[in-house]
Amino acid sequence: MAQSGTSSGIDQRNFAEEFRPQDDLFRHVNGKWMAENDIPADRAAIGAFFTLRDKSEEAVRAIVETSSQASDDPISSKIGDLYASFMAEEKINAAGSAPIAETIRSVYGTESIEDLLALMAKLQRSETAGLIGFDVYNDPGNPERYLFQIQQGGLGMPDESYYREEKSQELLQKYRGHVDNILRLAGIEHSTEAAARILELETALAAGHWDKVTLRDPQKRYNLLSRADAIELFPALELWLSNLGVSESQSSEIIVVTPDFFRTAAKLLHEVPLRSWQDWLAMRVISSAAPYLAEEFVSEDFAFYGTALSGTTENKERWKRGVALVEGGLGEAVGQLYVAEHFPPAHKLRMEKLVADLIEAYRQSITALDWMSDSTKTKVLEKLSKFVPKIGYPAVWQDYSALEIKAEDLLGNITRANIFELERQLARIGQPIDRDEWLMTPQTVNAYYNPTMNEIVFPAAILQPPFFDATADDAANYGGIGAVIGHEIGHGFDDQGSQYDGDGALANWWTDQDREAFETRTAALVAQYDELSPLAAPQERVNGKFTLGENIGDLGGLSISYKAWQLHLESLRCVRRVSQTMSLSAAAVLW
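To convert, note that position 307 of the sequence shown is 307 in full-length UniProt numbering; the numbers rise steadily by one, no gaps.
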């Protein structure tokens, strides 16, 4: 129940009374707001997440601009200088394509596929996207160690379906036109012919890519190979690793996420002419740098990726893009300042209570399951007891003292920041797992579950109204941030998370009968979502298999947050219908 001095936490001015809550709770709670608000031109959606992201963005802007005036603090100076290097619009426009001209000459100066591979790896150390995706992550089979992992890459479109599906062919031709345009801007001769070669090569690469549903399967993704076996699979790997700066000891074992792709890529490196690969790598250089070059590059890049691909008609203001750059390069340095200004310690204590209540609600619900055997149930409850909540901000902040930032060198800053992060990642291999590390900054309006660490993480920026309000009725917080907490815990038991045990290891820890029963139940959820269509595109259908994890998280999160609220009321020895309604209304505002 509401404590003295609290508000409800629900803005009833947005309610649309013409919709009864028992008929359409979402429109009852949000109908007036929906009628009065349009999607801004610089984004593809609007809602509670975006409103709060705007607030966080403004807060970070203030931090960045204040840092621009600080000369006595090294970290603040780095923040200010990185931002200043991006905001020097006149200088950037005057430079045109000059910042990448030498790199492009190097690409077309390669004399063999081996030369090109070596250059590609060196460019991947900095800001250029390449043929191979890579990361350093916990070994799913033994999450107490870090391993280097590689996976499919090389595409300019979001995934392989854009090259394969008939419905994407018009968009694919727009992509071809975009490639032609941006190559021409960079001064590349015969850009139309080069664009055709690039599209042909990317289409061949896409044929070796796994689709996005297959990529969700942790078992298929876990292919642990020795360095020698990985090189046998993809002979170019040895040269690529060497030029990327990955030592033999750092790559003694490698997780090859998508082995089919590397078979395809090996074949194409052997069969496709060098000129096609040069065109492709030149495009990767230009596309990776485009958001940081002169306005004609920015506009062309946005015309395709922002408008044609995503439906957004206006690019974000330059200061917003500058803030995003700073957050990408110096995220935790900004986060430390953000937390000091915007995250009261009391919020963390309140969140700890909410998380404990949600875990207890899950415990009771799991205990009551009638379709799960006692042996699996015991292990599920053990995993639940091992969940590690992280709230607000990391206990140990990342050290950026070795990163050099210059106020007059935008692309140099981006290169140095990428190399700095790559070296930080590689240095972790062979070291103990860093359990203080966060994969999001405190100023990020989001949350996540990390299966190999069995942790749920809630950055400071999401712990604000309308998700969380320390002065609001408890019901609003259970329906708001409580549903987020429940959602993230739910990921620990969804179609992916349920394959990791309580210590974060990818293992078969369910009985066969229980796994079959789980898949039967989730198949019904897949079928339900397969029938859904966007109002604006009734010819399209949701891919229920692809969205299954999020759907399980949403369904479980809302139901468990409501159960946690009921348990909370019982602990207070009172049950108020108005507060139960308020809890669901809070969820409707957000979801």
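By construction, the Cβ of each residue, glycine as well, lies at the ideal position given by its N, Cα and C atoms.
Put residue i into one of helix, strand or coil per three-state DSSP.
| i | result |
| --- | --- |
| residue 31 | helix |
| residue 145 | strand |
| residue 152 | strand |
| residue 434 | coil |
| residue 326 | helix |
| residue 334 | helix |
| residue 272 | coil |
| residue 392 | strand |
| residue 130 | coil |
| residue 472 | strand |
| residue 503 | coil |
| residue 458 | strand |
| residue 542 | coil |
| residue 135 | strand |
| residue 508 | coil |
| residue 521 | helix |
| residue 10 | coil |
| residue 169 | helix |
| residue 497 | helix |
| residue 40 | coil |
For residue i, which residues from the same chain have a beta carbon less than 8 Å from its beta carbon, with the 5 sequence-adjacent residues on both sides left out?
| i | result |
| --- | --- |
| residue 492 | 383, 384, 387, 449, 451, 454, 456, 498, 500 |
| residue 50 | 43 |
| residue 14 | 29, 30, 31, 32, 33, 589 |
| residue 339 | 392, 393, 442, 460 |
| residue 390 | 438, 455, 456, 457, 458 |
| residue 525 | 544, 548, 551, 552, 555 |
Note down, in chain order, each residue of its chain lying with its Cβ closer than 7 Å to the Cβ of residue i, except the 5 sequence neighbours on either side.
| i | result |
| --- | --- |
| residue 96 | 294 |
| residue 162 | 168, 171, 172 |
| residue 415 | 126, 127 |
| residue 502 | 382, 383, 386, 454 |
| residue 444 | 459, 461 |
| residue 262 | 233, 234, 256 |
| residue 195 | 176, 179, 180, 183 |
| residue 567 | 357, 360, 361 |
| residue 231 | 237, 238 |
| residue 597 | With the chain covering 1 to 591 only, the question about residue 597 has no answer from this structure. |
Taking C-alpha atoms, which residue in the options lies nearest to residue i?
| i | options | result |
| --- | --- | --- |
| residue 68 | 410, 58, 513, 83 | 83 |
| residue 268 | 133, 113, 546 | 113 |
| residue 344 | 390, 226, 470, 334 | 470 |
| residue 622 | 356, 166, 509, 319 | One cannot answer for residue 622 here, as it falls past the ends of the chain, which runs 1 to 591. |
| residue 133 | 554, 140, 150 | 150 |
| residue 322 | 88, 10, 568 | 88 |
| residue 599 | 279, 377, 459, 93 | This structure cannot speak to residue 599, because the chain is shown only from 1 to 591. |
| residue 103 | 284, 195, 180 | 284 |
| residue 286 | 518, 178, 512 | 178 |
| residue 98 | 261, 411, 304 | 411 |
| residue 255 | 207, 22, 263, 139 | 139 |
| residue 565 | 475, 313, 226 | 475 |
| residue 447 | 417, 485, 426 | 485 |
| residue 217 | 258, 180, 228 | 258 |
| residue 558 | 479, 533, 545, 118 | 479 |
| residue 488 | 92, 516, 552, 65 | 552 |
| residue 515 | 494, 529, 92 | 494 |
| residue 56 | 324, 496, 105, 74 | 324 |
| residue 12 | 299, 228, 27 | 27 |
| residue 91 | 409, 464, 434 | 409 |
| residue 571 | 66, 353, 115 | 353 |
Tell me which residues share the same chain as residue i and place their Cβ nearer than 6 Å to its Cβ, disregarding the 5 neighbours each side in the sequence.
| i | result |
| --- | --- |
| residue 31 | 16, 19 |
| residue 159 | 212 |
| residue 247 | none |
| residue 46 | 39 |
| residue 225 | 254, 256 |
| residue 260 | 208 |
| residue 542 | 529, 532 |
| residue 191 | 180, 183, 184 |
| residue 372 | 514 |
Output yes if chain D places a C-beta closer than 8 Å to the C-beta of residue i; else output no.
| i | result |
| --- | --- |
| residue 136 | Among the chains in the structure shown there is no chain D, since it carries only a single protein chain. |
Tell me whether residue i, by its Cβ, gets closer than 7 Å to a heavy atom of the ligand ATP.
| i | result |
| --- | --- |
| residue 503 | The ligand ATP is absent from the structure shown, which contains no ligands of any kind. |
(request) Pick out the complete alpha helix (DSSP H) segments inside the segment 173 to 260, 4 residues or longer, and give them in chain order. (result) 191 to 206, 218 to 221, 227 to 233, 237 to 244
(request) Please determine if the segment 298 to 309 and the segment 259 to 275 are in contact, where contact requires at least 3 C-beta pairs separated by less than 8 Å. (result) no
(request) Could you say if the segment 171 to 186 and the segment 223 to 236 meet the contact criterion of at least three C-beta pairs nearer than 8 Å? (result) no
(request) Would you check if the segment 390 to 407 and the segment 328 to 335 touch, i.e. whether three or more CB-CB distances between them fall below 8 Å? (result) yes
(request) Please specify which runs of the alpha helix (DSSP H), each continuous and at least 4 residues long, are wholly inside the segment 64 to 101, giving them in chain order. (result) 74 to 87, 89 to 95
(message) My parser needs the beta strand (DSSP E) runs of 3 or more residues fully inside the segment 394 to 456; what are they?
(response) 448 to 450
(message) With a threshold of 8 Å, are at least 3 pairs of Cβ atoms found where one atom belongs to the segment 332 to 343 and the other to the segment 434 to 442?
(response) yes
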